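Student: My structure is below; once you've seen it, I'll send some questions.
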Amino acid sequence: MATDHATRPAAATRLSLPASITPAFLEQLIARVSAAPNAARVTTSAPYTGVPLADLPVSTPEDVEAAFARARIAQKSWAATPVAERKRILLRYHDLVLARQNEVLDLMQAENGKTRRDAFLEVVDIGITSRYYARNAARYLAPKRRRGAIPLLTHTTELRHPKGVVTVISPWNYPLSMAASDTIAALMAGNAVVQKPDTQTALTALWSMDLMYEAGLPEDAWQMVIGRGSSIGGALMDNADYMMFTGSTASGRNIASDAGRRLIGASLELGGKNPMIVLDDADIDKVADGAVAACFPSAGQLCVSVERLYVAESLRDKFVAAFTARTENLRIGAAYDYSVDVGSLTTPAQLKTVTEHVDDAVAKGATVLAGGRARPDLGPLFYEPTILTDVTPDMTLYDHETFGPVVSIYTYRDVDEAITFANATSYGLNASVWTRSGARGRAVAARVHAGTVNVNEAFAAAWGSVDAPMGGMGDSGLGRRHGADGILKYTEPQTIAHQRIQGFTPPARISPSTWAGLLTGTLKALKAAGVR
Numbered sequence: 013m014a015t016d017h018a019t020r021p022a023a024a025t026r027l028s029l030p031a032s033i034t035p036a037f038l039e040q041l042i043a044r045v046s047a048a049p050n051a052a053r054v055t056t057s058a059p060y061t062g063v064p065l066a067d068l069p070v071s072t073p074e075d076v077e078a079a080f081a082r083a084r085i086a087q088k089s090w091a092a093t094p095v096a097e098r099k100r101i102l103l104r105y106h107d108l109v110l111a112r113q114n115e116v117l118d119l120m121q122a123e124n125g126k127t128r129r130d131a132f133l134e135v136v137d138i139g140i141t142s143r144y145y146a147r148n149a150a151r152y153l154a155p156k157r158r159r160g161a162i163p164l165l166t167h168t169t170e171l172r173h174p175k176g177v178v179t180v181i182s183p184w185n186y187p188l189s190m191a192a193s194d195t196i197a198a199l200m201a202g203n204a205v206v207q208k209p210d211t212q213t214a215l216t217a218l219w220s221m222d223l224m225y226e227a228g229l230p231e232d233a234w235q236m237v238i239g240r241g242s243s244i245g246g247a248l249m250d251n252a253d254y255m256m257f258t259g260s261t262a263s264g265r266n267i268a269s270d271a272g273r274r275l276i277g278a279s280l281e282l283g284g285k286n287p288m289i290v291l292d293d294a295d296i297d298k299v300a301d302g303a304v305a306a307c308f309p310s311a312g313q314l315c316v317s318v319e320r321l322y323v324a325e326s327l328r329d330k331f332v333a334a335f336t337a338r339t340e341n342l343r344i345g346a347a348y349d350y351s352v353d354v355g356s357l358t359t360p361a362q363l364k365t366v367t368e369h370v371d372d373a374v375a376k377g378a379t380v381l382a383g384g385r386a387r388p389d390l391g392p393l394f395y396e397p398t399i400l401t402d403v404t405p406d407m408t409l410y411d412h413e414t415f416g417p418v419v420s421i422y423t424y425r426d427v428d429e430a431i432t433f434a435n436a437t438s439y440g441l442n443a444s445v446w447t448r449s450g451a452r453g454r455a456v457a458a459r460v461h462a463g464t465v466n467v468n469e470a471f472a473a474a475w476g477s478v479d480a481p482m483g484g485m486g487d488s489g490l491g492r493r494h495g496a497d498g499i500l501k502y503t504e505p506q507t508i509a510h511q512r513i514q515g516f517t518p519p520a521r522i523s524p525s526t527w528a529g530l531l532t533g534t535l536k537a538l539k540a541a542g543v544r
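My numbering applies: residue 13 is where the sequence shown begins, and numbers increase by one.
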């Protein structure tokens with residue numbers, strides 16, 4: 013096991029909530045929940061300390077039905093709102109998020125337990141996404157001329173109509189990014205949204221919605237309900253015109269099945285067991301720094317973070333030494349500022365999973381190079397950044413997602429073997445390749461079975477490239493967010509074809525056989541002329 017000096021702890025003090033999180037502020041957000049006045053309540057706790065944080069109303073299936081009813085009324089007028097006006101609202105939202113970021117940074121840390129630097133990346137993400145869809149939605153949604161069946165005689169246009177009311181189910185691990193980014197695209201496409209955030213981080217989602225209304229979104233175009241999926245999930249599915257879900261693969265399978273039953277579309281970003289490949293020409297210092305950034309952001313509770321690290325045999329010892337030293341120097345603790353590197357896990361269930369995965373691996377022969385233990389002296393849900401070697405297929409974390417600050421190191425002999433190892437999973441969300449040669453890195457990346465692959469970066473390069481699609485292969489999901497895919501999935505395409513002068517049936521004066529010959533000759537002529 014690692015020594016007591018595996019990480020440098022921050023001061024083990026029990027933090028008070030930031031001054032910005034006042035009872036009045038919380039009540040303003042909680043009032044936005046779509047629930048009856050006499051609704052049952054649920055209390056959330058702050059991960060840093062375990063003390064109660066917020067008392068939230070619980071929505072019933074009837075509350076969900078009512079939210080959809082209001083959203084459908086609002087959606088009709090919102091869909092008729094010019095895209096230019098939607099753009100102005102979204103750009104105002106962009107400015108408000110940046111100007112009021114300290115409020116949401118405090119909320120995210122209080123609800124999720126992540127560090128401020130990890131929370132700030134969510135603010136950056138929403139700023140980028142807001143600007144992108146505000147300034148590109150008109151281009152994606154505009155009517156488009158398409159090639160007609162008969163040149164000059166068929167005028168064909170593709171239109172894009174909003175789906176209607178979109179259900180967004182967002183997780184607790186990235187409470188601002190996942191609450192707002194998918195909703196932004198759905199709203200810009202002219203839809204209304206009924207959203208169920210995870211209860212643990214509902215305040216951040218409510219803050220985002222409240223700010224969008226302040227920016228000018230018409231009332232009821234974005235509704236927020238709170239409750240367990242087992243209670244309100246059926247109502248969310250049965251009323252949706254489209255489903256956007258981010259969460260576990262097991263839940264995603266059920267949602268995909270239900271969406272198929274209803275014949276509605278669904279986009280699902282699910283689990284991952286993401287690999288990082290260190291090629292034999294990589295810069296050790298850069299890779300060691302990159303591995304820290306890849307494995308431990310938000311205490312490893314990131315869908316695209318790395319849990320499997322494959323290192324060329326020739327670099328193994330140098331890399332392990334450099335990576336371990338950096339990991340042991342990480343500052344773990346609770347602080348509402350930028351002074352710590354690794355924060356808390358978010359829920360007791362996640363701490364239990366991380367602990368069980370590591371303990372199982374150690375019991376079966378894995379070696380702990382750093383970390384490997386919980387830190388109750390810092391708070392109820394802290395766990396040290398952990399590096400393991402000698403991990404074998406009989407260990408749970410070998411191929412199951414841990415979703416915590418834990419990474420396993422393996423070696424490989426050649427690039428083909430590295431790619432085989434990286435692809436030996438049912439998941440395919442994100443991957444990372446490190447090398448001094450960009451061309452070589454891109455070539456290896458193209459062979460990795462993952463929806464996004466970064467070269468000399470952990471995940472931010474692909475995620476932040478919002479003009480490109482982001483999503484998973486295999487058990488990591490269906491559909492894509494970002495780019496054209498990220499907004500067009502919330503629309504129904506419609507083709508309008510206007511036939512002029514002459515159609516496909518023969519004129520009265522020409523026999524069917526003669527007409528067939530004329531059309532055959534036309535097709536041959538079009539091919540010879542290079543017409544597509």
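The beta carbon of each residue, even a glycine, is placed where N, CA and C say it ideally should be.
Computed from a predicted structure; not experimentally measured.
Can you give me the C-alpha to C-alpha distance between residue 54 and residue 121, rounded to a whole angstrom?
Tutor: Taking the sequence shown and counting its residues from 1, the one referred to as residue 54 is at position 42. Taking the sequence shown and counting its residues from 1, the one referred to as residue 121 is at position 109. Residue 54 and residue 121: Cα-Cα distance of roughly 19 Å.
Student: Under 9 Å, do residue 46 and residue 180 count as touching if we go by C-beta distance?
Tutor: Indexing the sequence shown from 1 puts residue 46 at position 34. Indexing the sequence shown from 1 puts residue 180 at position 168. No, these two residues do not count as a Cβ contact at 9 Å.
Student: Measure the alpha-carbon distance for residue 459 versus residue 285 and round it to whole angstroms.
Tutor: On the sequence shown, position 447 is the one that residue 459 refers to. On the sequence shown, position 273 is the one that residue 285 refers to. Roughly 17 Å separates the two Cα atoms.
Student: Where does residue 190 sit, in a helix, a strand or coil, going by DSSP?
Tutor: For the purposes of this step, residue 190 is taken as the residue at position 178 of the sequence shown. Reduced to three states, the DSSP call for residue 190 is helix.
Student: Since I believe residue 423 is in contact with residue 318 (beta carbons under 8 Å), could you give me their beta-carbon distance rounded to a whole number of angstroms?
Tutor: Residue 318 sits at position 306 when you count from the first residue of the sequence shown. Residue 423 sits at position 411 when you count from the first residue of the sequence shown. Contact doesn't hold; Cβ gap of about 16 Å is too wide.
Student: Below 9 Å between beta carbons: does that hold for residue 498 and residue 482?
Tutor: The residue given as residue 498 occupies position 486 in the sequence shown. The residue given as residue 482 occupies position 470 in the sequence shown. The answer is yes: Cβ separation under 9 Å.
Student: Would you tell me roughly how many angstroms separate the C-alpha atoms of residue 532 and residue 507, rounded to the nearest one?
Tutor: Looking up residue 532 in the sequence shown gives position 520. Looking up residue 507 in the sequence shown gives position 495. Whole-angstrom Cα-Cα distance: 26 Å.
Student: Go ahead and label residue 516 buried or exposed: buried means 16 or more other beta carbons lie within 10 angstroms of its beta carbon, across all protein chains shown.
Tutor: As a working note, residue 516 is residue 504 in the sequence shown. Exposed, by the Cβ-count rule.
Student: Mapping DSSP to helix, strand and coil, what is residue 482?
Tutor: Numbered from 1 along the sequence shown, position 470 holds the residue referred to as residue 482. Three-state result, residue 482: strand.
Student: Flag this pair as touching only if the region 190 to 201 and the region 114 to 133 have three or more C-beta atom pairs under 8 Å; answer yes or no.
Tutor: No: fewer than three Cβ pairs fall under 8 Å.
Student: Which runs of the beta strand (DSSP E), 3 residues or longer, sit entirely within the region 132 to 213?
Tutor: 156 to 158, 166 to 174, 177 to 182, 204 to 209, all fully within the region 132 to 213.
Student: Buried or exposed for residue 231, please, with buried defined as at least 16 other CB atoms from any protein chain shown within 10 angstroms of its CB.
Tutor: Numbered from 1 along the sequence shown, position 219 holds the residue referred to as residue 231. Residue 231 should be labelled exposed.
Student: What is the DSSP secondary structure of residue 407, reduced to helix, strand or coil?
Tutor: For the purposes of this step, residue 407 is identified with residue 395 of the sequence shown, where counting begins at 1. Correct three-state label for residue 407: coil.
Student: Looking only at C-alpha atoms, which of 355, 337, 334, 338 sits nearest to residue 344?
Tutor: Here residue 344 is taken as the residue at index 332 of the sequence shown, counted from 1. Ranking 355, 337, 334, 338 by Cα distance to residue 344 puts 355 first.
Student: Can you give, in chain order, each stretch of the alpha helix (DSSP H) that sits fully within the region 362 to 405 and has at least 4 residues?
Tutor: Taking only runs of at least 4 residues, no alpha helix (DSSP H) segment lies wholly in the region 362 to 405.
Student: Residue 425 by DSSP, collapsed to three states: which one?
Tutor: The residue you call residue 425 lines up with position 413 of the sequence shown. Note: residue 425 maps to coil in three-state DSSP.
Student: If you reduce the DSSP assignment to three classes, tell me which class residue 346 lands in.
Tutor: As a position in the sequence shown, residue 346 is number 334, starting the count at 1. Coil.
Student: Buried or exposed: which applies to residue 50, given that a residue is buried once 16 or more other Cβ atoms fall within 10 Å of its Cβ?
Tutor: Taking the first residue of the sequence shown as position 1, residue 50 is located at position 38. Result: exposed.
Student: Below 8 Å, can you find three or more Cβ-Cβ pairs linking the region 397 to 413 to the region 64 to 72?
Tutor: Counting Cβ pairs under 8 Å, fewer than three are found: no touch.
Student: For residue 175, which residues of its own chain have a beta-carbon under 7 Å away from its beta-carbon, when the five flanking residues on both sides are left out?
Tutor: The residue you call residue 175 lines up with position 163 of the sequence shown. Here the set comprises 203, 253, 254, 502, 503, 504.
Student: Under the DSSP definition of a beta bridge, which residues are partnered with residue 443?
Tutor: Your numbering for residue 443 matches position 431 in the sequence shown. DSSP output for residue 443 lists 465 as bridge partner(s).
Student: Tell me the start and end of each unbroken beta strand (DSSP E) in the region 269 to 307 that is at least 3 residues and wholly inside, in chain order.
Tutor: Entirely contained in the region 269 to 307, the beta strand (DSSP E) runs reaching 3 residues are, in chain order, 277 to 281, 286 to 290.
Student: Is there a Cβ of chain D sitting closer than 9 Å to that of residue 149, yes or no?
Tutor: Here chain D cannot be found, since the structure has a single protein chain.
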